[in-house]
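Heads up: the structure comes next, in structure tokens.
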Amino acid sequence: MRELSIAGFKRFNSVSLCMAPLTVLAGLNGSGKTSIIHALLLMRESIRATSNGVVLLNGPFGLQLGTAEDISNWQSGDRRIKFEVVDEFGTYTWSLGIPDDEAMYLTLDALPTDIPAGFESNQGAFAYLAAERLGPRSSLSASSLPINQLEVGVQGEHSAQLLEALGNRPAQEDRRHPDSSSPYLLKYEVERWLSEIARPVVIDAVHHAGATAYAMKFKVPDGEWVRATNMGFGVSYALPIILAGLTAKRGGLVLVENPEAHLHPAGQSRMGTFLAWLASKGVQVIVETHSDHVLNGIRRAIGEYEILSASDAIVHFFNSEDSGHISKLQFTNTGGISHWPTGFFDQYQIDTAALGRVRRKGSVNGVRH
1 MRELSIAGFK RFNSVSLCMA PLTVLAGLNG SGKTSIIHAL LLMRESIRAT SNGVVLLNGP
61 FGLQLGTAED ISNWQSGDRR IKFEVVDEFG TYTWSLGIPD DEAMYLTLDA LPTDIPAGFE
121 SNQGAFAYLA AERLGPRSSL SASSLPINQL EVGVQGEHSA QLLEALGNRP AQEDRRHPDS
181 SSPYLLKYEV ERWLSEIARP VVIDAVHHAG ATAYAMKFKV PDGEWVRATN MGFGVSYALP
241 IILAGLTAKR GGLVLVENPE AHLHPAGQSR MGTFLAWLAS KGVQVIVETH SDHVLNGIRR
301 AIGEYEILSA SDAIVHFFNS EDSGHISKLQ FTNTGGISHW PTGFFDQYQI DTAALGRVRR
361 KGSVNGVRH
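Under our numbering, the first residue of the sequence shown carries the number 1, and numbering increases by one thereafter.
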């Protein structure tokens, strides 16, 4: 996907965004970042919903969009919502009709004849990890889907089941950790990334015969096995992102909201590096983040580790409540950023400058701290 266009949807009367192998959505709360994710989810759901001709606004992918009135743009003057994707093979158009303002669904007026990469229904083609993922749980419910259709789930709720089914199979050759060694089993590759991002850890997924639930177990090297509930939130929040990335197909699409959640700053930076590494393997990654550490991890992946080309990553900064004010920021070969708009990850500088003024004022007044 090289370009995404949205018309008549929520705050967007009409907007087009350049998309890269790694696209970062950043900016103010309520400025439109999540609406981009919602648009992509509706596009994916519309392909799944062709049998009945309607796209539900509440339920799929955990969406709670309300009614058609809630998501239509009052400025557009059109009773349709349009999405368009451009990639190297062509242009793909979605047109969704608004039956009435109170409807909790949209009608399928037009869909692409061919499905673009990343929107197919086969395993590993599309993954979405919501901001509100499941924390530590003593057990995770089983999905009734066959293994060849199973994904980690919007909240990571099927991570244990997927890992139990695929963990002892070889990981895709291009998904091996840079420091990996034989055997290259998926379980071990997840452990290596999880240990780098969260903490050194060994993992195991357990399914008890006849049960409809799975459980995760963890232990630190040379330690004892413990339940997920005794391991903390960081591991449980990071694991499904890693698993989704390692099982995504080349050409697939991975959407991640708040990958930094419950991770310490170093872990957030390493998560950014992981997402850049994943994008370098042919998986398109779209990440919404409020973390300068995640951003800096991406910058290091480009400038220091040379994992990803600067031209293969882009940042869209939503810096105003004005729906048309989206700044496109580009990376340099050394990990720099083309320009820094006001409000773009500048709070550290603002806070340290304020504290510096306080110290200088105290020094002038003869106060030492």
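The C-beta atom is built at its ideal place from N, Cα and C for all residues, glycine as well.
Keep in mind the model is a prediction, meaning the values are calculated, not measured.
Boundaries of the alpha helix (DSSP H) in which residue i is found, first to last residue
| i | result |
| --- | --- |
| M216 | Element bounds for M216: not the alpha helix (DSSP H) but the beta strand (DSSP E), A213 to K219. |
| L278 | P265 to S280 |
| A26 | Counting along the chain, A26 falls outside any alpha helix (DSSP H), though it belongs to the beta strand (DSSP E) covering L22 to G27. |
| S195 | L186 to I197 |
| S35 | K33 to R48 |
Pairwise C-alpha distance: residue j and residue i
| i | j | result |
| --- | --- | --- |
| L150 | M104 | 27 Å |
| A165 | V315 | 36 Å |
| A49 | Y214 | 29 Å |
| S144 | Q330 | 43 Å |
| Q64 | N58 | 5 Å |
| F119 | V358 | 53 Å |
| L108 | W74 | 20 Å |
| G156 | M43 | 21 Å |
| S320 | G32 | 9 Å |
| L41 | F61 | 7 Å |
| L243 | H293 | 21 Å |
| V285 | R360 | 45 Å |
| G124 | R270 | 23 Å |
| E371 | I302 | The structure shown does not extend to residue 371, since the chain is modelled only from 1 to 369, so the question has no answer here. |
| S236 | S363 | 47 Å |
| V154 | I307 | 28 Å |
| L186 | G245 | 11 Å |
| L355 | V24 | 30 Å |
| F251 | D351 | Note on identity: in this sequence residue 251 is Gly, with Phe being the wrong assignment. Between G251 and D351, the C-alpha separation is close to 41 Å. |
Identity of the residues DSSP links to residue i by a beta bridge
| i | result |
| --- | --- |
| E257 | E288 |
| V206 | A215 |
| Q330 | I314 |
| R227 | K217 |
| P116 | According to DSSP, P116 bridges with nothing at all. |
| I337 | F331 |
| L57 | Looking at the DSSP assignment, L57 forms no beta bridge with any residue, so it has no partner. |
| Y128 | L255 |
| V15 | I6 |
| T107 | V54 and G97 |
| L308 | Answer by DSSP bridge pairing: none, since L308 is not bridged. |
| L134 | Note: L134 sits in no beta bridge, so no partner. |
| L140 | Y214 |
Where the beta strand (DSSP E) through residue i begins and ends
| i | result |
| --- | --- |
| I6 | E3 to F9 |
| V235 | Taken as a continuous stretch (DSSP letters only), V235 belongs to no beta strand (DSSP E), being part of the alpha helix (DSSP H) at F233 to T247. |
If contact is defined by three or more beta carbon pairs under 8 Å, each pair taking one atom from either stretch, is the segment 10-29 in contact with the segment 90-99?
no
request  = Would you mind listing the alpha helix (DSSP H) stretches within the segment 62-104 that are 4+ residues and don't spill past its ends, in chain order?
outcome  = Runs found: 68-71.
**Request:** Would you check if there are 3 or more beta carbon pairs closer than 8 Å linking the segment 116-132 to the segment 253-262?
**Result:** Two segments are said to touch when three or more pairs of C-beta atoms, one from each, lie closer than 8 Å; by this definition the segment 116-132 touches the segment 253-262.
request  = Just list the alpha helix (DSSP H) runs in the segment 147-174, keeping only unbroken ones of 4 residues or longer that don't cross its boundaries, in chain order.
outcome  = 159-166
> Does the segment 171-181 come close enough to the segment 205-221 that 3 or more CB-CB pairs lie under 8 Å?
Replying inline: no
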